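Protein chains in written order, with the numbering used here: chain A, 209 to 318; chain B, -17 to 97. All C-beta atoms, glycine included, are put in the ideal place defined by N, C-alpha and C. All values reported here derive from a predicted model rather than from experimental measurement.
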Amino acid sequence: QQKVQQSPESLTVSEGAMASLNCTFSDGTSNNFRWYRQHSAKGLEVLVSIFSDGEKEEGRFTAHLNRANLHVSLHIREPQPSDSAVYLCAEGSSGNKLIFGIGTLLSVKP
Amino acid sequence: EAGVTQSPRYAVLQEGQAVSFWCDPISGHDTLYWYQQPRDQGPQLLVYFRDEAVIDNSQLPSDRFSAVRPKGTNSTLKIQSAKQGDTATYLCASSDRGYNYAEQFFGPGTRLTVL
């Protein structure tokens, strides 16, 4: 079964600086990855879905997928304190079953 | 468009008690998922339905957990005789045309504490 690991466990950045989060996976045949954000009061919010190698941008959020390196990343441009949350990477090829990493806790300091 | 709604938002139980969680998916979504998210972990799929049929419940502890979606709309997840290890947030999600690339939209979750 696909394994998904995220790093770092926590990350602190200053407001306006780029934030970069990483996710590695075990099965390079997958082409179905999503990044979610989780605020405690709002559940999970999908940020970017990416289904092929390369880059996918949604507003300030950009995902990069490199299946040869078993790696997908999320870059947040000009993060704000309101972006402070847990960010979850998920792989979704196993018949609708999303397999999540444990998340990265992002703190954005004013 | 209303999102996925769940109730209650919080529940606190003693071991051995029963509890039910309710989920109302986005209107028109045929696929509904229940995930369990222990503290400091990612969500893990328990069961999912397409319309009223269970498609995969392989990760549902069948001796104490049950889930139904009788009319293919709302769903109930029930825990009989809760254990401390059941302490987690229970998330419901729904999607349209449950194929691999369909987006899953999540509700706010029910945070369960078993004392």
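Same chain only: Cβ atoms within 7 Å of residue i, ignoring 5 sequence neighbours per side
i, result
"Asp68(B)", "Ile61, Leu94 and Val96"
"Thr232(A)", "Gln213, Leu278 and His279"
"Ser228(A)", "Ser281 and His283"
"Lys211(A)", "Phe233 and Ser234"
"Thr(-13)(B)", "Asp6 and Gly89"
Those residues which DSSP pairs with residue i across a bridge
i, result
"Phe88(B)", "Ala75(B)"
"Ile258(A)", "Phe241(A)"
"Lys223(A)", "The sequence as given places Glu at residue 223(A); Lys does not occur at that position. DSSP, once it has assigned bridges, lists no residue as partnering Glu223(A)."
"Lys211(A)", "Partner(s): none; Lys211(A) has no beta bridge."
"Thr312(A)", "Tyr295(A)"
"Asn230(A)", "Ser215(A) and Ser281(A)"
"Gly236(A)", "Note: Gly236(A) sits in no beta bridge, so no partner."
"Ala35(B)", "Arg32(B)"
"Lys65(B)", "DSSP lists no partner for Lys65(B)."
Neighbour-count burial assignment, residue i, 16 or more Cβ in a 10 Å radius
i, result
"Asp33(B)", "exposed"
"Asp291(A)", "buried"
"Val280(A)", "buried"
"Asn277(A)", "exposed"
"Ala293(A)", "buried"
"Gly89(B)", "buried"
"Val304(A)", "Looking at the sequence shown, residue 304(A) is not Val but Asn. By the 10 Å Cβ count, Asn304(A) comes out buried."
"Gly262(A)", "exposed"
"Ala271(A)", "buried"
"Tyr17(B)", "buried"
"Tyr(-8)(B)", "exposed"
"Pro216(A)", "exposed"
"Val29(B)", "buried"
"Thr220(A)", "exposed"
"Val(-6)(B)", "exposed"
"Pro287(A)", "buried"
Start-to-end residues for the beta strand (DSSP E) that takes in residue i
i, result
"Asn274(A)", "Phe269 to Asn274"
"Arg32(B)", "Gln26 to Arg32"
"His283(A)", "His279 to Ile284"
"Tyr83(B)", "Premise fails: Tyr83(B) is in no beta strand (DSSP E) and is neither H nor E."
"Lys60(B)", "Ser57 to Ile61"
"Gln(-12)(B)", "Thr(-13) to Ser(-11)"
"Ala49(B)", "Phe47 to Val50"
Close Cβ partners of residue i (< 8 Å) along its chain, the five nearest in sequence each way excluded
i, result
"Gln66(B)", "Glu(-3), Val96 and Leu97"
"Pro289(A)", "Glu223, Val316, Lys317 and Pro318"
"Ser302(A)", "Gln209 and Gln210"
"Glu253(A)", "Tyr244, Arg245, Gln246 and His247"
"Gly236(A)", "Arg275, Ala276 and Leu278"
Residues near residue i in its chain [Cβ-Cβ closer than 6 Å; skip 5 each side]
i, result
"Leu306(A)", "Ala298 and Gly300"
"Trp4(B)", "Ser(-11) and Thr58"
"Gln86(B)", "Ala75 and Ser77"
"Asn230(A)", "Ser215 and Ser281"
"Tyr15(B)", "Tyr30 and Ala75"
"Ser63(B)", "Gly(-2) and Arg46"
"Ser257(A)", "Arg242"
"Ser2(B)", "Thr58 and Lys60"
Mind listing, in chain order, the continuous beta strand (DSSP E) runs of no fewer than 3 residues lying wholly within the segment -7 to 28 of chain B? 1 to 6 and 13 to 19
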